[in-house]
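Colleague:
Number of protein chains: 2
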Amino acid sequence: MPSARAASKPYHHGNLRAALVEAGAELARTAGPDGVVLREVARRTGVSHNAAYRHFADRDELLSAIATLANEQLEQAMQRRIDEVEESDPDRRARARLRATGRAYVEFALSEPGLFNVAFCPTEAADSSPDEAAPYLLLGHVLDELVEAGALSPDDRPGADVACWSAVHGLSVLLLDGPLRALSAEERRGVLEKLIATVERGLTGSLS
Amino acid sequence: MPSARAASKPYHHGNLRAALVEAGAELARTAGPDGVVLREVARRTGVSHNAAYRHFADRDELLSAIATLANEQLEQAMQRRIDEVEESDPDRRARARLRATGRAYVEFALSEPGLFNVAFCPTEAADSSPDEAAPYLLLGHVLDELVEAGALSPDDRPGADVACWSAVHGLSVLLLDGPLRALSAEERRGVLEKLIATVERGLTGSLS
DNA sequence: GATCGCATGTGGACAGTGTCCACATCAATG
DNA sequence: CATTGATGTGGACACTGTCCACATGCGATC
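Line by line, the protein sequences are chains A and G. Offset between the first sequence (1-based) and our numbering: plus 2. Offset between the second sequence (1-based) and our numbering: plus 2.
1) Run through DSSP, which three-state label would G/P137 get?
2) Assess, as a yes-or-no matter, whether the stretch 154 to 163 of chain G is touched by the stretch 184 to 198 of chain G under the definition of 3 or more beta carbon pairs within less than 8 angstroms.
3) Excluding the 5 residues preceding and the 5 following A/H51 in the sequence, name in chain order all residues of the same chain whose CB lies nearer than 7 angstroms to its CB.
4) Which residues in the same chain as G/F110 place their Cβ atom closer than 7 angstroms to its Cβ, once the five residues preceding and following it in sequence are excluded?
5) Got a sec? Which residues, its chain only, sit under 8 angstroms from A/Y138 by beta carbon, not counting five neighbours each side?
6) Could you check if G/N73 is buried or exposed, using at least 16 other CB atoms within 10 Å of its CB as the buried criterion?
7) Short of 6 angstroms in beta carbon distance, which residues of its chain neighbour G/G204, apart from the five on each side in sequence? Order them along the chain.
8) Can you give me the Cβ contacts of A/R82 inside the same chain, cut-off strictly under 8 angstroms, excluding the 5 residues immediately before and after it?
9) Assuming A/A98 contacts A/V87 (C-beta within less than 8 angstroms), just tell me the rounded distance between them.
10) Could you check whether A/P124 and G/D36 sit closer than 7 angstroms to each other, using their CB atoms as the reference points?
11) Using three-state DSSP, classify G/E77 as helix, strand or coil.
12) For chain A, check one thing: does any of its Cβ atoms lie closer than 7 angstroms to the Cβ of G/R203?
13) Strictly below 8 angstroms CB to CB, what residues from chain A border G/D179?
14) Using a threshold of 7 angstroms, state whether the C-beta atoms of A/R94 and A/S210 are closer than that.
15) Distance, Cα to Cα, G/A153 vs G/E134?
16) For the alpha helix (DSSP H) containing G/D15, list its first residue and its last residue.
17) Measure the CB-CB distance between G/L176 and A/H15 and report whether it falls below 7 angstroms.
18) Along the chain, where does the alpha helix (DSSP H) containing A/P92 start, and where does it finish?
19) Could you give the first and the last residue of the continuous alpha helix (DSSP H) run that contains G/A199?
20) Express the C-alpha separation of A/V120 and A/A8 in angstroms, rounding to a whole number.
21) Do you know offhand how far G/I84's Cα is from G/L145's?
22) Which residues of chain G have a Cβ atom closer than 8 angstroms to the Cβ of A/V170, listed in chain order?
23) Just checking my contact of G/E46 with G/A25 at CB under 8 angstroms: how many whole Å lie between their CB atoms?
24) Taking only three categories from DSSP, how would you classify A/C123?
25) If you measure from the beta carbon of G/V108 to each beta carbon in chain A, is any gap under 7 angstroms?
26) From the beta carbon of A/S131, is the nearest beta carbon of chain G less than 7 angstroms away?
27) Identify, in the order they occur along the chain, each residue of the same chain with its Cβ nearer than 7 angstroms to the Cβ of G/D129, setting aside the five sequence neighbours on each side.
28) Have a look at A/L141 and A/T103 and give me their C-alpha separation to the nearest angstrom.
29) May I have the straight-line CA-CA distance separating A/A54 from A/T70, to the nearest angstrom?
30) So is G/P181 buried or exposed if we call it buried at 16+ other beta carbons inside 10 Å?
31) Are any of the Cβ atoms in chain G nearer than 7 angstroms to that of A/V144?
32) Distance check for A/G48 and G/R19, CA to CA, integer angstroms please.
33) Using a Cβ-Cβ cut-off of less than 8 angstroms, list which residues of the stretch 45 to 66 of chain A approach chain G; keep chain order.
34) By a C-beta neighbour count over all protein chains shown, 10 Å radius and 16 as the cutoff for buried, is G/E202 buried or exposed?
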């Protein structure tokens, strides 16, 4: 007999790939991209180092998988906040949904800094086109609503998505690891609202 | 005699700290933060690994020094672009200088991606307050000019700096390593101008 | 001008990492 | 039942950051 292995530990894991991604996501959540260490992921999954190489060519490929998961969570958080908006007037409703989108983005970054950083850490196989990124599509839809409601001129629609995205992404990064990280929660709230108001007025020419 | 050392290699370097920062900056320029490898920096400086520990407590501390240098370069690039503005009408001049500031920021990020990333990579001893960051001060000054020229209401001045900064920083990051990295130079130009126009209108309520 | 102390530079060691290789195990297919 | 290909293991290698004891020599002190 080769070994007296406990019956609870079959040689083949069964669903190792998913388990690795989950363990990796947990590491990412608490320690960011650099915290996703292949050997530690393997340890937590109760498997030898190297086992991951049967499912991912690279550490980079595992990171990509975790990034996809993080993006999904970001999208869900945004969708939740968007759906929370209660407002019947079309113009005000579309504007409120846009502001909710931006707030949700920054809120997610601040509440899940590790996952947020992983979602945007540059990996070899990252989506080189934003058109596949769910959060981007969500934002685009909200902006389309703004056009339908008449708050945003169709002529101003092109590039509006990137402008909004840049604004909230930049604030998130600066608050997270950047020079603005020392701001108090109150100050953060203030600059966030200022930013959102500025972008809304910049796009639509007015505030609701 | 202990060794037949060539006369060109004195035991003590003379100005090792500066040489290390310079070599590290060169690595940062071509490979970003992760490219700043202590041992490689030492190799390029013609000194043993470990020598750096007489001048920096950490790899992190070396990175911080390089980040400071990168920030200075960013500030200079911004200042150059600002000074290039030729416009006598105060309102138009202040607006043009603000736009130049934003363009210079993104241009620097795109032309020196490694240095830009190092300038904002989170280090232990990084300026936790933006008030010491030269680029931030520069932006603040340009915004003050906008107030003096009457283009920006003093009531809207608080938070305007962070809003501008977030916008250009976010675009830089998204274009550099983010989902927008595949955009062509032409597309980049387009979204940049759109972003700058949006922010200008968002702050001042109009375009020049 | 000789001496000595201390800042500066060296070489070796260690733990930790990503990745490659040969081998072990097992499930499903014939 | 035998084989085979997918999956997991253990060992190795090069590389990294960091700590240690030791070497060197500049500059202050007598």
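Built from N, CA and C at the ideal position, the CB exists for glycine as well.
Modeller: So, from the data block:
1) Reading the second sequence from its first residue, position 135 is the one you call residue 137 of chain G. Helix at G/P137.
2) no
3) As a first step, residue 51 of chain A must be located in the first sequence, where it is residue number 49. The answer, listed in chain order, is L40, R41, A44.
4) Indexing the second sequence from 1 puts residue 110 of chain G at position 108. Here the set comprises L76, A79, F118.
5) Counting from 1 along the first sequence, the entry for residue 138 of chain A is found at position 136. Once the five neighbours on either side are set aside, the close Cβ partners of A/Y138 are P132, D163, W167.
6) What you label residue 73 of chain G is simply residue 71 of the second sequence in a count that begins at 1. Classification of G/N73: buried, given that the 10 Å Cβ count is 16 or more.
7) Walking along the second sequence from the start, residue 204 of chain G turns up at place 202. Result list for G/G204: empty, nothing under 6 angstroms.
8) Stepping through the first sequence from its first residue, residue 82 of chain A is reached at position 80. Excluding residues within five positions, the ones whose Cβ falls inside 8 angstroms are A106.
9) Locating residue 98 of chain A in the first sequence gives position 96, counting from the first residue. Locating residue 87 of chain A in the first sequence gives position 85, counting from the first residue. Sure, about 5 angstroms apart at Cβ, within 8 angstroms.
10) As a working mapping, residue 36 of chain G is identified with position 34 in the second sequence. As a working mapping, residue 124 of chain A is identified with position 122 in the first sequence. The answer is no: Cβ separation not under 7 angstroms.
11) Numbered from 1 along the second sequence, position 75 holds the residue referred to as residue 77 of chain G. Looking at G/E77 - three-state DSSP - the assignment turns out to be helix.
12) Counting from 1 along the second sequence, the entry for residue 203 of chain G is found at position 201. Judged by the 7 angstroms Cβ criterion, G/R203 is in contact with chain A.
13) Taking the first residue of the second sequence as position 1, residue 179 of chain G is located at position 177. Within 8 angstroms Cβ-Cβ: F122, C123, P124.
14) Position 92 of the first sequence holds residue 94 of chain A. Position 208 of the first sequence holds residue 210 of chain A. Against a cut-off of 7 angstroms, the Cβ pair of A/S210 and A/R94 comes out as a contact.
15) For the purposes of this step, residue 153 of chain G is taken as the residue at position 151 of the second sequence. For the purposes of this step, residue 134 of chain G is taken as the residue at position 132 of the second sequence. Those two C-alpha atoms are separated by around 26 angstroms.
16) As a position in the second sequence, residue 15 of chain G is number 13, starting the count at 1. Note that residue 15 of chain G corresponds to His in the displayed sequence, not to Asp. From DSSP, G/H15 is part of no alpha helix (DSSP H); its letter is neither H nor E.
17) The residue given as residue 176 of chain G occupies position 174 in the second sequence. The residue given as residue 15 of chain A occupies position 13 in the first sequence. No, the pair does not count as a contact, with Cβ atoms beyond the cut-off.
18) On the first sequence, residue 92 of chain A is found 90 positions in, with the first residue counted as 1. A/P92 -> alpha helix (DSSP H) spans 92 to 113.
19) If you number the second sequence from 1, residue 199 of chain G lands on position 197. Where G/A199 is concerned, the enclosing alpha helix (DSSP H) stretches over 187 to 206.
20) Reading the first sequence from its first residue, position 6 is the one you call residue 8 of chain A. Reading the first sequence from its first residue, position 118 is the one you call residue 120 of chain A. Note that A/A8 scores 37 on pLDDT, short of 50, meaning its location in the model is unreliable; the coordinates nonetheless yield the value given after this. Cα-Cα distance, rounded: 36 angstroms.
21) Taking the first residue of the second sequence as position 1, residue 84 of chain G is located at position 82. Taking the first residue of the second sequence as position 1, residue 145 of chain G is located at position 143. Roughly 12 angstroms separates the two Cα atoms.
22) Here the question's residue 170 of chain A lines up with position 168 in the first sequence. Result: S168, G172.
23) Here the question's residue 46 of chain G lines up with position 44 in the second sequence. Here the question's residue 25 of chain G lines up with position 23 in the second sequence. The displayed chain sequence assigns Arg, not Glu, to residue 46 of chain G. At roughly 4 angstroms, the Cβ-Cβ gap stays under 8 angstroms, so G/R46 and G/A25 are in contact.
24) The count along the first sequence starts at 1 and reaches residue 123 of chain A at position 121. Of the three classes helix, strand and coil, the one that applies to A/C123 here is coil, per DSSP.
25) Reading the second sequence from its first residue, position 106 is the one you call residue 108 of chain G. So no, G/V108 is outside the interface.
26) The residue labelled residue 131 of chain A in the question sits at position 129 within the first sequence. By this cut-off, A/S131 is an interface position.
27) Counting from 1 along the second sequence, the entry for residue 129 of chain G is found at position 127. Excluding sequence neighbours, G/D129 sits near A135.
28) Along the first sequence, one-based indexing puts residue 141 of chain A at 139. Along the first sequence, one-based indexing puts residue 103 of chain A at 101. Going from the Cα of A/L141 to the Cα of A/T103 covers about 7 angstroms.
29) Counted from its first residue, the first sequence places residue 54 of chain A at position 52. Counted from its first residue, the first sequence places residue 70 of chain A at position 68. Answer to the nearest angstrom: the Cα atoms are 18 angstroms apart.
30) Position 179 of the second sequence, counted from the first residue, corresponds to residue 181 of chain G. With 16 or more other Cβ atoms within 10 Å, it is buried.
31) One-based indexing of the first sequence puts residue 144 of chain A at position 142. So no, A/V144 is outside the interface.
32) Translated into positions along the second sequence, residue 19 of chain G becomes position 17. Translated into positions along the first sequence, residue 48 of chain A becomes position 46. If I take the Cα positions, the gap works out to 45 angstroms.
33) none
34) On the second sequence, residue 202 of chain G is found 200 positions in, with the first residue counted as 1. Buried, by the Cβ-count rule.
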